[in-house]
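Enquirer: Numbering (our numbering), first residue to last: 789 to 964. One structure coming up, written as structure tokens, with questions to follow.
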Amino acid sequence: MMKKIALLLLLLSSIAFTHAQTITNHSVVTFKIKNLGIYTNGTIGGLHADVHFNPADLTASTLTASVEVNTLNTDNADRDEHLKSESFFDLAKYPKITLKSVSFKHGSGNNYTGVFDLTIKDKTKPVEIPFTYVDKGNTQTFSGSFKLNRRDFGIGGSSMIMSDEVIISISAEAVK
Numbered sequence: 789m790m791k792k793i794a795l796l797l798l799l800l801s802s803i804a805f806t807h808a809q810t811i812t813n814h815s816v817v818t819f820k821i822k823n824l825g826i827y828t829n830g831t832i833g834g835l836h837a838d839v840h841f842n843p844a845d846l847t848a849s850t851l852t853a854s855v856e857v858n859t860l861n862t863d864n865a866d867r868d869e870h871l872k873s874e875s876f877f878d879l880a881k882y883p884k885i886t887l888k889s890v891s892f893k894h895g896s897g898n899n900y901t902g903v904f905d906l907t908i909k910d911k912t913k914p915v916e917i918p919f920t921y922v923d924k925g926n927t928q929t930f931s932g933s934f935k936l937n938r939r940d941f942g943i944g945g946s947s948m949i950m951s952d953e954v955i956i957s958i959s960a961e962a963v964k
């Protein structure tokens, strides 16, 4: 009887792990924003995600992810520290930016669109992110890009030299 229970638990745990994916170090989150009419680029690291994506059952698919604000990098240490200050990302109060799926829909081929709740600082707003999904057997890749208004999230104030629009790109690889 104990062998049957142990076998059942082993089977259930292996089923659970076949649907969960781990994000690899081949993943990157980048952003760009116009400042004085020229794009400033950067990255945000520390991507952690819990991915349960099944193209055959999008209603049961979920994705939650976060990045760590302290990893923000624009290749300019003074600017990075300024962006981590209270008037921008307020790292001391809000160390993470989070994303949580609400729904997915399939376009054509490998193209999908997800609706996500994006939380930056203390503000949560829905964002629609078109992305491609490729299943390579042991890995899945997700690549997408979207725009947001930084002021919707209380990032920086009114500015004549800095654009309100930020372009975010995500490329993530998950191991099954």
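Heads up, the beta-carbon is just placed ideally off N, CA and C, and yes, glycines get one too.
1. Taking the C-alpha atoms as reference points, what is the distance between residue 952 and residue 943?
2. Can residue 819 and residue 830 be called in contact, C-beta distance under 8 Å?
3. Hey, quick one: how far does the beta strand (DSSP E) through residue 905 stretch, first residue to last?
4. If we count the other Cβ atoms within 10 Å of its Cβ and call it buried at 16 or more, is residue 933 buried or exposed?
5. Any contact between the region 862 to 875 and the region 834 to 847? By contact I mean 3 or more CB pairs, one from each, below 8 Å.
6. Per DSSP, what kind of secondary structure is residue 869 in: helix, strand or coil?
7. Given a cut-off of 8 Å, decide if residue 855 and residue 1011 are closer than it, judged by their beta-carbon atoms.
8. So which of 843, 927 and 912 has the shortest CA-CA distance to residue 899?
9. Whole angstroms are fine: how far does the CA of residue 964 sit from the CA of residue 793?
10. Is DSSP giving residue 846 helix, strand or coil here?
11. For residue 960 and residue 928, what's the separation of their Cα atoms in angstroms?
12. Are residue 875 and residue 945 closer than 8 Å when you measure CB to CB?
13. Across which residues does DSSP place residue 780 in a beta bridge pair?
14. How many Å lie between residue 850 and residue 925 at the Cα?
Expert: The short version:
1. Residue 952 sits at position 164 when you count from the first residue of the sequence shown. Residue 943 sits at position 155 when you count from the first residue of the sequence shown. Residue 952 and residue 943: Cα-Cα distance of roughly 9 Å.
2. Locating residue 819 in the sequence shown gives position 31, counting from the first residue. Locating residue 830 in the sequence shown gives position 42, counting from the first residue. A contact, by the Cβ cut-off of 8 Å.
3. The residue given as residue 905 occupies position 117 in the sequence shown. Residue 905 -> beta strand (DSSP E) spans 899 to 908.
4. Sequence index remark: in the sequence shown, residue 933 carries index 145 (1-based). Its Cβ having fewer than 16 others within 10 Å, residue 933 is exposed.
5. In short, these stretches do not touch, since the Cβ pair count stays below three.
6. Within the sequence shown, numbered from 1, the residue matching residue 869 stands at position 81. The answer is helix: DSSP assigns residue 869 an H, G or I state.
7. Residue 1011 lies beyond the stretch modelled for the chain, which goes from 789 to 964, so this question has no answer here.
8. Here the question's residue 899 lines up with position 111 in the sequence shown. Per the Cα distances, 843.
9. Stepping through the sequence shown from its first residue, residue 793 is reached at position 5. Stepping through the sequence shown from its first residue, residue 964 is reached at position 176. Caution is warranted here: a pLDDT of 32 is assigned to residue 793, below 50, making its placement in the model unreliable, and the coordinate value is therefore given only provisionally. Taking the straight line joining both Cα atoms gives about 25 Å.
10. If you number the sequence shown from 1, residue 846 lands on position 58. Helix, per DSSP.
11. To locate residue 960, count along the sequence shown from 1; it is residue 172. To locate residue 928, count along the sequence shown from 1; it is residue 140. Roughly 8 Å separates the two Cα atoms.
12. Translated into positions along the sequence shown, residue 875 becomes position 87. Translated into positions along the sequence shown, residue 945 becomes position 157. Yes, the Cβ-Cβ distance between residue 875 and residue 945 is below 8 Å.
13. Residue coverage of the chain in this structure runs from 789 to 964, which leaves residue 780 outside it and unanswerable.
14. Indexing the sequence shown from 1 puts residue 850 at position 62. Indexing the sequence shown from 1 puts residue 925 at position 137. If you take the alpha carbons of residue 850 and residue 925, they lie about 19 Å apart.
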